[in-house]
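See structure below.
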Amino acid sequence: MDYEQLKARIGSGLLSFPITDFGADGEFDRAGYARRLQWLSSYDASGLFAAGGTGEFFSIGNDEYDAVIRTAVDNSSPDVPVLAGVGYGTRMAVDLAKRAERAGAAGILVLPHYLMVAEEAGVIAHMQAICNAVGIGVIYYARDNTKLSPAGLEKLAETCPNFIGYKDGIGDLQLMQRIHYRLGDRVVHIGGLPTAEVFAQPYLEMGVTTYSSAVFNFVPELALRFYKAVRARDARTVDGLMKSFYLPLIELRDRKRG
(Lines of atoms letter the chains of each structure in order from A and count residues from 1; the text may use other names and numbers.)
(Lines give C-alpha, C1' and ligand atoms only; values in the text may rest on other atoms or scores of the structure.)
Protein backbone atom coordinates (compact mmCIF):
# COMPACT_ATOMS: atom_id res chain seq x y z
CA MET A 1 0.00 0.00 0.00
CA ASP A 2 1.18 3.56 -0.66
CA TYR A 3 1.77 6.15 2.06
CA GLU A 4 -1.75 7.59 1.94
CA GLN A 5 -3.29 4.13 2.12
CA LEU A 6 -1.00 3.20 5.00
CA LYS A 7 -1.99 6.31 6.95
CA ALA A 8 -5.66 5.64 6.33
CA ARG A 9 -5.36 2.00 7.38
CA ILE A 10 -3.50 2.80 10.59
CA GLY A 11 -5.97 5.52 11.54
CA SER A 12 -9.03 3.37 10.88
CA GLY A 13 -8.95 1.20 13.99
CA LEU A 14 -7.16 -0.03 17.08
CA LEU A 15 -3.42 -0.76 17.02
CA SER A 16 -1.88 -3.90 18.49
CA PHE A 17 1.61 -4.14 19.98
CA PRO A 18 2.10 -7.74 21.09
CA ILE A 19 4.77 -8.99 23.43
CA THR A 20 7.56 -11.11 21.96
CA ASP A 21 7.72 -14.72 23.14
CA PHE A 22 10.91 -16.19 24.63
CA GLY A 23 11.74 -19.69 25.81
CA ALA A 24 13.11 -20.69 29.21
CA ASP A 25 16.61 -20.37 27.72
CA GLY A 26 16.02 -16.71 26.88
CA GLU A 27 15.96 -17.33 23.13
CA PHE A 28 13.23 -16.08 20.80
CA ASP A 29 10.33 -18.54 20.68
CA ARG A 30 9.30 -18.29 17.04
CA ALA A 31 6.53 -20.88 17.29
CA GLY A 32 5.01 -19.28 20.38
CA TYR A 33 5.14 -15.83 18.79
CA ALA A 34 3.54 -17.17 15.61
CA ARG A 35 0.68 -18.67 17.62
CA ARG A 36 0.18 -15.39 19.46
CA LEU A 37 0.00 -13.43 16.21
CA GLN A 38 -2.37 -15.91 14.61
CA TRP A 39 -4.67 -15.57 17.61
CA LEU A 40 -4.53 -11.77 17.58
CA SER A 41 -5.09 -11.74 13.83
CA SER A 42 -8.56 -13.16 14.40
CA TYR A 43 -9.46 -9.75 15.83
CA ASP A 44 -9.79 -6.52 13.90
CA ALA A 45 -6.63 -4.45 14.44
CA SER A 46 -5.60 -1.72 12.00
CA GLY A 47 -1.87 -2.27 12.50
CA LEU A 48 0.59 -4.36 14.48
CA PHE A 49 3.81 -3.11 16.11
CA ALA A 50 6.43 -5.88 16.03
CA ALA A 51 9.55 -5.59 18.20
CA GLY A 52 8.31 -2.37 19.73
CA GLY A 53 8.84 -1.33 23.34
CA THR A 54 6.42 -3.93 24.72
CA GLY A 55 7.74 -6.31 22.06
CA GLU A 56 11.17 -6.32 23.74
CA PHE A 57 13.01 -4.32 21.07
CA PHE A 58 15.76 -3.47 23.54
CA SER A 59 16.25 -7.13 24.53
CA ILE A 60 16.84 -8.78 21.15
CA GLY A 61 19.86 -9.09 18.89
CA ASN A 62 19.99 -8.41 15.16
CA ASP A 63 19.36 -12.01 14.08
CA GLU A 64 16.44 -12.28 16.49
CA TYR A 65 15.13 -8.95 15.23
CA ASP A 66 15.04 -10.24 11.66
CA ALA A 67 13.23 -13.37 12.83
CA VAL A 68 10.68 -11.41 14.88
CA ILE A 69 9.76 -9.11 12.00
CA ARG A 70 9.61 -11.91 9.45
CA THR A 71 7.46 -14.03 11.79
CA ALA A 72 5.12 -11.08 12.32
CA VAL A 73 4.77 -10.51 8.58
CA ASP A 74 4.20 -14.21 7.88
CA ASN A 75 1.59 -14.70 10.61
CA SER A 76 -0.47 -11.51 10.46
CA SER A 77 -3.50 -10.84 8.30
CA PRO A 78 -2.46 -9.55 4.86
CA ASP A 79 -4.48 -6.36 5.34
CA VAL A 80 -2.86 -5.55 8.71
CA PRO A 81 0.37 -3.56 8.23
CA VAL A 82 3.31 -4.71 10.34
CA LEU A 83 5.18 -1.75 11.85
CA ALA A 84 8.66 -2.63 13.11
CA GLY A 85 10.42 -0.89 15.97
CA VAL A 86 13.83 0.70 15.31
CA GLY A 87 16.05 2.78 17.55
CA TYR A 88 19.42 3.42 19.22
CA GLY A 89 21.92 5.66 17.41
CA THR A 90 21.46 6.78 13.82
CA ARG A 91 23.61 4.13 12.12
CA MET A 92 22.01 1.32 14.10
CA ALA A 93 18.52 2.69 13.50
CA VAL A 94 19.18 2.96 9.76
CA ASP A 95 20.47 -0.62 9.66
CA LEU A 96 17.42 -1.90 11.55
CA ALA A 97 15.09 0.07 9.29
CA LYS A 98 16.64 -1.58 6.24
CA ARG A 99 16.33 -4.99 7.90
CA ALA A 100 12.66 -4.34 8.64
CA GLU A 101 12.02 -3.32 5.04
CA ARG A 102 13.73 -6.46 3.71
CA ALA A 103 11.66 -8.59 6.10
CA GLY A 104 8.44 -7.20 4.64
CA ALA A 105 7.36 -4.60 7.20
CA ALA A 106 4.98 -1.94 5.87
CA GLY A 107 6.48 0.72 8.11
CA ILE A 108 8.70 1.43 11.10
CA LEU A 109 8.22 3.03 14.50
CA VAL A 110 11.25 5.08 15.56
CA LEU A 111 11.72 4.51 19.29
CA PRO A 112 13.63 7.03 21.45
CA HIS A 113 17.29 7.48 20.60
CA TYR A 114 20.05 6.71 23.07
CA LEU A 115 20.78 10.29 24.20
CA MET A 116 19.33 11.68 27.42
CA VAL A 117 19.35 15.18 25.93
CA ALA A 118 19.53 16.15 22.26
CA GLU A 119 19.07 19.37 20.33
CA GLU A 120 16.05 19.45 18.02
CA ALA A 121 18.22 19.88 14.92
CA GLY A 122 20.03 16.67 15.80
CA VAL A 123 16.80 14.72 16.31
CA ILE A 124 15.47 15.98 12.97
CA ALA A 125 18.72 14.93 11.24
CA HIS A 126 18.45 11.52 12.94
CA MET A 127 14.90 11.10 11.66
CA GLN A 128 15.77 12.31 8.16
CA ALA A 129 18.60 9.78 7.91
CA ILE A 130 16.22 6.97 8.84
CA CYS A 131 13.49 8.15 6.46
CA ASN A 132 15.94 8.54 3.58
CA ALA A 133 17.30 5.02 4.08
CA VAL A 134 14.04 3.20 3.33
CA GLY A 135 10.99 3.40 1.11
CA ILE A 136 8.45 2.30 3.72
CA GLY A 137 6.43 4.51 6.05
CA VAL A 138 8.06 6.02 9.15
CA ILE A 139 6.31 6.87 12.42
CA TYR A 140 7.97 9.16 14.97
CA TYR A 141 7.41 8.14 18.60
CA ALA A 142 7.57 11.16 20.91
CA ARG A 143 8.71 10.23 24.41
CA ASP A 144 10.67 11.90 27.22
CA ASN A 145 13.91 12.71 25.38
CA THR A 146 12.54 12.82 21.84
CA LYS A 147 10.08 15.71 21.94
CA LEU A 148 9.97 17.72 18.70
CA SER A 149 8.22 21.06 18.28
CA PRO A 150 5.35 21.48 15.80
CA ALA A 151 7.74 23.41 13.54
CA GLY A 152 10.32 20.63 13.75
CA LEU A 153 7.75 18.00 12.83
CA GLU A 154 6.56 20.16 9.95
CA LYS A 155 10.13 20.35 8.64
CA LEU A 156 10.31 16.58 8.81
CA ALA A 157 7.04 16.26 6.88
CA GLU A 158 8.26 18.69 4.23
CA THR A 159 11.58 16.92 3.67
CA CYS A 160 10.57 13.26 4.07
CA PRO A 161 7.54 12.04 2.07
CA ASN A 162 7.57 8.71 3.92
CA PHE A 163 7.20 10.37 7.34
CA ILE A 164 3.60 9.27 7.77
CA GLY A 165 2.88 9.18 11.50
CA TYR A 166 3.27 10.89 14.86
CA LYS A 167 2.79 8.74 17.96
CA ASP A 168 2.38 10.69 21.19
CA GLY A 169 3.86 9.26 24.36
CA ILE A 170 4.13 12.60 26.18
CA GLY A 171 0.55 13.47 27.09
CA ASP A 172 0.81 17.24 26.74
CA LEU A 173 -2.66 18.05 25.38
CA GLN A 174 -1.72 21.60 24.43
CA LEU A 175 1.31 20.39 22.46
CA MET A 176 -0.73 17.65 20.82
CA GLN A 177 -3.34 20.18 19.73
CA ARG A 178 -0.68 22.46 18.26
CA ILE A 179 0.92 19.55 16.40
CA HIS A 180 -2.42 18.42 15.03
CA TYR A 181 -3.27 21.91 13.77
CA ARG A 182 0.21 22.35 12.26
CA LEU A 183 0.46 19.00 10.46
CA GLY A 184 -3.19 18.19 9.80
CA ASP A 185 -3.65 15.08 7.71
CA ARG A 186 -0.08 15.04 6.45
CA VAL A 187 0.51 12.39 9.12
CA VAL A 188 -1.68 9.97 11.04
CA HIS A 189 -1.84 10.99 14.70
CA ILE A 190 -1.58 8.10 17.17
CA GLY A 191 -2.15 7.94 20.92
CA GLY A 192 0.76 6.13 22.56
CA LEU A 193 0.62 6.79 26.29
CA PRO A 194 0.59 3.98 28.86
CA THR A 195 -3.00 2.76 29.09
CA ALA A 196 -3.86 5.01 26.15
CA GLU A 197 -7.56 4.34 26.69
CA VAL A 198 -7.59 6.94 29.48
CA PHE A 199 -6.77 9.64 26.90
CA ALA A 200 -8.87 8.22 24.06
CA GLN A 201 -11.87 10.54 24.44
CA PRO A 202 -10.07 13.92 24.58
CA TYR A 203 -7.68 12.79 21.85
CA LEU A 204 -10.59 11.82 19.61
CA GLU A 205 -11.98 15.35 19.95
CA MET A 206 -8.64 16.60 18.58
CA GLY A 207 -8.92 14.26 15.60
CA VAL A 208 -6.75 11.41 16.92
CA THR A 209 -8.68 8.36 15.75
CA THR A 210 -6.34 5.58 16.88
CA TYR A 211 -4.09 4.45 19.69
CA SER A 212 -1.99 1.42 20.60
CA SER A 213 -3.64 -0.77 23.22
CA ALA A 214 -1.76 -2.99 25.67
CA VAL A 215 -5.11 -4.46 26.70
CA PHE A 216 -5.53 -5.81 23.17
CA ASN A 217 -2.69 -8.22 24.03
CA PHE A 218 -4.69 -10.17 26.59
CA VAL A 219 -8.37 -9.13 26.36
CA PRO A 220 -8.79 -8.14 22.71
CA GLU A 221 -12.59 -8.36 22.78
CA LEU A 222 -12.78 -5.84 25.61
CA ALA A 223 -10.19 -3.55 24.02
CA LEU A 224 -12.17 -3.46 20.78
CA ARG A 225 -15.45 -2.92 22.60
CA PHE A 226 -13.96 0.09 24.39
CA TYR A 227 -12.45 1.49 21.19
CA LYS A 228 -15.71 1.19 19.29
CA ALA A 229 -17.57 2.88 22.16
CA VAL A 230 -15.08 5.78 22.10
CA ARG A 231 -15.45 6.20 18.34
CA ALA A 232 -19.26 6.07 18.67
CA ARG A 233 -19.11 8.53 21.58
CA ASP A 234 -20.98 6.01 23.72
CA ALA A 235 -20.17 7.61 27.07
CA ARG A 236 -22.13 5.07 29.09
CA THR A 237 -20.13 2.11 27.81
CA VAL A 238 -16.84 4.01 28.04
CA ASP A 239 -17.50 5.05 31.65
CA GLY A 240 -18.59 1.56 32.64
CA LEU A 241 -15.47 -0.11 31.24
CA MET A 242 -13.23 2.61 32.63
CA LYS A 243 -14.55 2.10 36.17
CA SER A 244 -14.79 -1.68 36.07
CA PHE A 245 -11.58 -2.52 34.21
CA TYR A 246 -9.20 0.23 33.13
CA LEU A 247 -8.86 2.18 36.38
CA PRO A 248 -8.23 -1.00 38.43
CA LEU A 249 -5.70 -2.05 35.78
CA ILE A 250 -3.88 1.27 36.16
CA GLU A 251 -3.73 0.83 39.93
CA LEU A 252 -2.21 -2.61 39.42
CA ARG A 253 0.27 -1.35 36.83
CA ASP A 254 1.39 1.55 39.02
CA ARG A 255 2.49 -0.70 41.88
CA LYS A 256 5.90 -0.96 40.23
CA ARG A 257 7.82 0.97 37.62
CA GLY A 258 8.50 -0.52 34.22
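Positions 1069 to 1326 (this note's numbering) are the ones given, in order, by the sequence shown. Note that CB positions come from ideal geometry on N, CA and C, so glycine has one too. Fair warning: this is a prediction, and the values are worked out from it, not measured in the lab.
Query, Result
"Starting from the N-terminal side, write out each stretch of the alpha helix (DSSP H) that is 4 residues or longer and does not extend beyond the region 1144-1206.", "1158-1171 and 1188-1201"
"Can at least three beta-carbon pairs, one atom from the region 1110-1118 and one from the region 1084-1102, be found at a separation below 8 Å?", "yes"
"For VAL1185, which residues from the same chain have a beta carbon less than 7 Å from its beta carbon, with the 5 sequence-adjacent residues on both sides left out?", "ASN1213"
"Which residues mark the beginning and the end of the alpha helix (DSSP H) in which ASP1307 is found?", "1303-1309"
"To which residues of the same chain is GLY1237 closer than 7 Å at the C-beta, ignoring the five residues directly before and after it?", "TYR1209, ALA1210, ARG1211, GLY1260 and LEU1261"
"Going by CA-CA distance only, name the one from LEU1317, ALA1152, VAL1206 and LEU1241 that's closest to ALA1225.", "VAL1206"
"Might you give, ordered along the chain, the residues of its own chain that have their beta carbon closer than 7 Å to the beta carbon of GLY1222, omitting 5 neighbours on each side?", "Here residue 1222 is Glu; the residue named in the question, Gly, does not match the sequence. Taken in chain order, the residues that qualify are ARG1250 and LEU1251."
"Quick one: what's LEU1261 bridged to in DSSP?", "Beta-bridge pairing links LEU1261 to no other residue."
"For GLY1121, collect the residues of the same chain with a Cβ closer than 8 Å to its Cβ; drop the 5 residues on either side in sequence, then sort them by chain order.", "PHE1085, GLY1153 and LEU1179"
"For LEU1216, which three-state DSSP category applies?", "coil"
"Report back the beta-carbon spacing between VAL1256 and GLY1233 to the nearest angstrom; my notes put them in contact at under 8 Å.", "5 Å"
"Taking all protein chains shown into account, do 16 or more other C-beta atoms lie within 10 angstroms of the C-beta of SER1312, making it buried, or fewer, making it exposed?", "exposed"
"Sort out for me which residues DSSP pairs LYS1324 with in a bridge.", "Bridge partners of LYS1324: none, in fact."
"Verify the CB distance criterion: does GLY1172 have a CB-CB separation below 8 Å to chain D?", "Looking at the structure shown, chain D is missing, and only one protein chain is on hand."
"Can you list, in chain order, the residues of its chain whose CB lies under 6 Å from that of PHE1334, leaving out five sequence neighbours each side?", "For residue 1334 there is no data in the structure shown, the boundaries of the chain being 1069 and 1326."
"Where do the ends of the beta strand (DSSP E) carrying TYR1234 lie?", "1231-1236"
"VAL1256 by DSSP, collapsed to three states: which one?", "strand"
"Residues in its own chain within less than 7 Å of ALA1264 by CB, not counting five upstream and five downstream?", "TYR1279, SER1280 and SER1281"
"Using three-state DSSP, classify PHE1284 as helix, strand or coil.", "helix"
"Which of helix, strand or coil does DSSP assign to THR1088?", "coil"
"Please go through the same chain and pick out, in chain order, the residues whose beta-carbon is closer than 8 Å to the beta-carbon of GLN1245, but skip the five residues on each side of it.", "MET1274"
"Taking DSSP as the reference, what is the three-state secondary structure of THR1122?", "coil"
"Taking the beta carbon of SER1127 as the centre, do at least 16 other beta carbons fall within 10 Å, making it buried, or is it exposed?", "exposed"
"Kindly list the residues whose CB is nearer than 6 Å to the CB of PRO1218, restricted to its own chain and excluding five residues on each side of it in sequence; keep chain order.", "ARG1246, ILE1247 and ARG1250"
"Tell me the rounded alpha-carbon separation between ASP1253 and GLY1091.", "42 Å"
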